[in-house]
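K.L.:
Same order as they appear, the protein sequences are chains A and B. The first sequence maps to residues 1 to 248 in this note's numbering. The second sequence maps to residues 1001 to 1248 in this note's numbering.
There are 2 protein chains.
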Amino acid sequence: MARRTVETPAAKVHEQLLAKLNRHRTLSPADSAALSRLEPRVQNFSRKADIVRQGDNPDTAVFVVEGMLGRYHTLAGGDRQYLSFHIAGDLPDIQSLFLTSMDHSLCAMDRAKIALLPHEQLIEIMRRRPTICFAFWRLTLADAAIFRQAITNLGSRPAVARLAHFFCEQTVRARQNEVADGMSCDLPLSQEELGQAMGLSVVSVNRTMQLLRRQGFVEFRGQRLTIKNWGKLAAVGGFDPSYLYDAE
Amino acid sequence: MARRTVETPAAKVHEQLLAKLNRHRTLSPADSAALSRLEPRVQNFSRKADIVRQGDNPDTAVFVVEGMLGRYHTLAGGDRQYLSFHIAGDLPDIQSLFLTSMDHSLCAMDRAKIALLPHEQLIEIMRRRPTICFAFWRLTLADAAIFRQAITNLGSRPAVARLAHFFCEQTVRARQNEVADGMSCDLPLSQEELGQAMGLSVVSVNRTMQLLRRQGFVEFRGQRLTIKNWGKLAAVGGFDPSYLYDAE
DNA sequence: CGCAGTATTGAAATTTCTCAAGCCGAGTGG
DNA sequence: CCACTCGGCTTGAGAAATTTCAATACTGCG
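(1) What residues of chain A sit near alanine 1142 of chain B, judged by a beta carbon separation below 8 Å?
(2) Cutting at 6 Å between CB atoms, please list the residues of its own chain near threonine 1208 of chain B, excluding the five before and the five after it.
(3) How would you label glutamine 1223 of chain B, buried or exposed, when you count the other beta carbons within 10 angstroms and need 16 or more for buried?
(4) In the DSSP assignment, find the alpha helix (DSSP H) that holds glycine 1237 of chain B and state where it starts and stops.
(5) At what residues does the alpha helix (DSSP H) containing leucine 1163 of chain B begin and finish?
(6) At the 7 Å Cβ level, is glutamine 1191 of chain B part of the contact set with chain A, yes or no?
(7) Which runs of the beta strand (DSSP E) at least 3 residues long sit entirely within the stretch 107 to 166 of chain A? Give them in chain order.
(8) Give me the DSSP bridge partner(s) of isoleucine 1227 of chain B.
(9) Comparing C-alpha positions only, which one of B:Leu1027, B:Asn1229, B:Phe1239 sits nearest to glycine 1182 of chain B?
(10) Please state the DSSP three-state secondary structure of valine 1203 of chain B.
(11) Using a beta-carbon distance cut-off of less than 9 Å, what residues from the stretch 1114 to 1132 of chain B approach chain A?
(12) Mind checking whether leucine 62 of chain A and proline 40 of chain A have CB atoms under 7 Å apart?
(13) Answer yes or no: do glutamate 1192 of chain B and valine 1202 of chain B have a C-beta to C-beta separation smaller than 7 Å?
(14) Is the CB of leucine 1244 of chain B under 7 Å away from at least one CB in chain A?
(15) Would you check if the distance between the CB atom of threonine 131 of chain A and the CB atom of arginine 37 of chain A is smaller than 7 Å?
(16) Inspect the beta-carbon positions of glycine 237 of chain A and cysteine 185 of chain A and report whether they are closer than 7 Å.
(17) Could you check whether the Cβ of glutamine 1081 of chain B sits closer than 7 Å to any Cβ belonging to chain A?
(18) Ignore the nearest five residues each way along the sequence and tell me which others in cysteine 133 of chain A's own chain have a CB closer than 7 Å to its CB.
(19) Please classify serine 274 of chain A: does DSSP put it in a helix, a strand, or coil?
(20) Can you list, in chain order, the residues of its chain with a C-beta nearer than 8 Å to that of leucine 1154 of chain B? Leave out the 5 residues immediately preceding and following it.
(21) Considering only residues of the same chain and omitting the five flanking positions on each side of valine 205 of chain A, which have a CB-CB separation below 6 Å?
(22) So the alpha helix (DSSP H) leucine 18 of chain A belongs to, where does it begin and stop?
(23) Spell out whether any CB of chain A is found under 7 Å from the CB atom of alanine 1034 of chain B.
(24) Could you please give me the residues that DSSP links to valine 64 of chain A through a beta bridge?
(25) Which whole-angstrom value is the C-beta distance of alanine 142 of chain A and tyrosine 72 of chain A, which I expect to be below 8 Å?
(26) For glutamine 1095 of chain B, which residues in chain A fall below 7 Å Cβ to Cβ?
(27) For histidine 86 of chain A and leucine 106 of chain A, what's the separation of their Cα atoms in angstroms?
(28) Inspect the CB distances between the stretch 1093 to 1109 of chain B and the stretch 168 to 177 of chain A and report whether three or more fall short of 8 Å.
(29) Helix, strand or coil for aspartate 181 of chain A per DSSP?
(30) Considering just the uninterrupted stretch of the alpha helix (DSSP H) at leucine 1083 of chain B, what are its terminal residues?
(31) Consider the C-beta atom of leucine 83 of chain A and the heavy atoms of the ligand PLP; say whether any pair is separated by less than 6 Å.
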């Protein structure tokens, strides 16, 4: 039986999810078993497609199986501010379990595969198993720490440092989720999207990137980010990874 | 017995805490009883005193009884970026329950009274009572929504809108916690501190405030903020309170 | 009264934005 | 196979927002 379920997409999701949660709290075999009773629904989205919209009241939580998702606010004028980006292994909207109406939207930054986890099942599991509850909770807390850094990045750093910091963060997170290849990882964002995340105009993003590129700190071509000089880039960005709580 | 306990400072804290949690999840009498077994330690802090520092591993969580606290990051150069401000009824660092090492500091913005809730006791209660756990969790989620708005505020809005938005938020939150008086509330921040929160220089804060003041939108004197024209101020700031999840 | 911290002002220096145009590469239809 | 188009990247240059520096007022408090 085990052999067969391992092959199903659901089992793959369970495995990925377990790996993630286990980094936040050590789960017992019983916990793992409980989680593997979750019935995820797998879906594909194409670049720029919205998965959940500001104002929605979803009854499932999103787990990223492949690709990259982005969370964003839509401003009155229609402008967009990206809040964070999420890669395989992330759970970008568990807050929807308790914050019933979405305060932001979630979209695919490129082709992405996600798994939808029914709220009801999650709540039920967490009611019975505090440890699982704590693991999910901690995940949202780690998320909040990333938001806090974003505040500091936007509020206190000039363009170059801002981009440098962002690149460092993205790389470390990719490595944590084991979807990086050494010092490079996918980053399927246009310069415009990057600007909408960093509070910069496209033009500034472009010029700032040239600066980082010419100095040989980083390379960013064809949706792929490669850090060539970690020390220098981290120094420029004032990057200290201790806020990226991953392992317990 | 009830009569006596009501008079103790601990009982006052329990009451305030219950009120807060009840807005996030409806607690049963048994839940309330469990919470009232918490043994808070009340402390006073003077303006600018740190309560917890970046890197600390606290074993208690802070509950604000009186006054205002601020969370902030310290940058390499010593600069400070305020992340959020907290008033009576808030729990500014429950994340420390699971994020063992503080990624930011917490200080008193003016004279403040806080209650320290032992992590151990909290965890124990939450293990037994999922609803309480969910209530605390939701509180941290509502917090994260505020961080997200801060990102948008810093990333997408010019100085005037940024300040306007901040003033609106602060007022609504004070009203939610029932520490506002109509459209005015305490805001014990200097223009410099305001700048360190809004990613602006003191000079810009000063000029921007004069603008808002001269237009008769808001008044801010002697640590007290009064909104004179809510409609206009909210319009300038692009403020929509739906992200301030308070009641369930 | 006088200090210390905070608020206010002026003016030049900087950063970032906006506008506007040109370029480049990938995919498409003829 | 090539011209064409579209989205994204790059560049130049003037405009705008914000910062910095440097003084000058306030204001509450010892």
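Even for Gly, the Cβ is constructed at its ideal location relative to N, Cα and C.
P.N.:
The relevant details are as follows:
(1) Leu99
(2) Ala1159, Val1160, Leu1163
(3) exposed
(4) 1230 to 1237
(5) 1159 to 1176
(6) no
(7) 112 to 118
(8) B:Val1218
(9) B:Asn1229
(10) helix
(11) Ile1123, Met1126, Arg1127, Arg1128, Pro1130, Thr1131
(12) First, the residue type needs correcting, since residue 62 of chain A is valine and not leucine in the sequence shown. Not a contact, by the Cβ cut-off of 7 Å.
(13) yes
(14) no
(15) no
(16) no
(17) yes
(18) Met126
(19) As displayed, chain A neither begins before 1 nor continues past 248, which places residue 274 of chain A out of reach and without an answer.
(20) Arg1162, Met1198, Gly1199
(21) Gln191, Leu194, Gly195
(22) 9 to 24
(23) no
(24) A:Ile114
(25) Actually they do not touch by this definition, with Cβ atoms about 20 Å apart.
(26) Leu141, Ala144
(27) 10 Å
(28) no
(29) strand
(30) Premise fails: leucine 1083 of chain B lies in the beta strand (DSSP E), 1080 to 1087, not in any alpha helix (DSSP H).
(31) Ligands are entirely absent from the displayed structure, and the ligand PLP is therefore not among its contents.
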